[in-house]
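Visitor: Be aware that the sequence shown starts at 13, since it is given in this note's numbering, and climbs by one per residue.
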Amino acid sequence: MSEMSELARRVELVEMRLSADQLLVHRSVSQLQRDVKEIGETQREHTAKLDEHTAKLDELGRMVHAIVRHLGIDDQGPSPS
Numbered sequence: 013m014s015e016m017s018e019l020a021r022r023v024e025l026v027e028m029r030l031s032a033d034q035l036l037v038h039r040s041v042s043q044l045q046r047d048v049k050e051i052g053e054t055q056r057e058h059t060a061k062l063d064e065h066t067a068k069l070d071e072l073g074r075m076v077h078a079i080v081r082h083l084g085i086d087d088q089g090p091s092p093s
């Protein structure tokens, strides 16, 4: 085999390896993009749940405050009767 044909064969092998590597990189990037999208969706769901729980906690706090006011209890404890 001549030196040129050996060189051409090696170049062809390198090109094939590069093509295979590019395909693997493309697949990896595509998977990462899907993962990022899924993470974003999960984050939005969790944020909505957190907002819902925060609203319920705020409502509970207002109710407790109203009860405390109704009973005449301040930060010092029950008022003397």
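Idealized CB from N, CA, C, for every residue including glycine.
1) Report the rounded CA-to-CA distance for arginine 81 versus lysine 49, giving the unit in angstroms.
2) Taking the alpha helix (DSSP H) that serine 31 belongs to, which residues open and close that run?
3) Using the C-alpha atoms, what's the distance from glutamate 27 back to glutamine 34?
Guide: So, from the listed chains and residues:
1) Counted from its first residue, the sequence shown places residue 81 at position 69. Counted from its first residue, the sequence shown places residue 49 at position 37. Each residue's alpha carbon lies about 48 Å from the other.
2) For the purposes of this step, residue 31 is taken as the residue at position 19 of the sequence shown. Here the alpha helix (DSSP H) through serine 31 covers 15-83.
3) As a working mapping, residue 34 is identified with position 22 in the sequence shown. As a working mapping, residue 27 is identified with position 15 in the sequence shown. Taking the straight line joining both Cα atoms gives about 10 Å.
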